[in-house]
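Notes to accompany the following structure.
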Amino acid sequence: MAVTRAIAAVGLLAVVATAARVDAGHESPFYPSFYPHEIHLESVPPAAAAGLLRQASIHAFVGADPFDGRSIPADVASVESLGAYVVLTLNTAVPALRGRDARCALSSRLGAMLARRGGAFVLHPYPVTPY
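Numbering (mature numbering (1 follows the signal peptide of the UniProt record, and there is no 0)), first residue to last: -19 to -1, 1 to 112.
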């Protein structure tokens, strides 16, 4: 019995000692799109956006050509369309937007204004929640 246990212990030790290292596959890179609470949207005039894009102080600018026809820097790219959804969230800390009716009215006006502009914009007036 003692010999059997000793052989089993030596066998187990041999397996443990020669086993290959196994990684769990976990990674810890930073994916900005996975952290929506860290994404900030601000209004910036096109003239100011050009400098901010050159300095890499902002990641994107939506609007008129910030370079006003000048050549785009090599480390900046432009696209015709974001090809994605834009979700409108209103700041309820603003006194005028505390009430649901006020937020709905403003959202409706903004949606109608964007829809009148035409182009590839499609209004989807349904709430999108983070749940």
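Each residue gets a CB set at the ideal place from its N, CA and C atoms; glycine is no exception.
- Only residues of its own chain outside the window of five on either side were considered, and among them Phe42, Pro47 and Val57 have a CB closer than 7 Å to the CB of Leu34, listed in chain order.
- The three-state secondary structure of Ser88, taken from DSSP, is helix.
- Annotated three-state conformation of Ala93 is helix, per DSSP.
- Under the three-state reduction of DSSP, Leu22 is assigned to coil, being neither helix nor strand.
- Per DSSP, the unbroken alpha helix (DSSP H) holding Pro27 starts and ends at Pro27 to Arg35.
- Pairing Pro27 with Gly44 gives a Cβ-Cβ distance under 7 Å.
- Around the CB of Ala30, 16 or more other CB atoms lie within 10 Å, so the residue is classed as buried.
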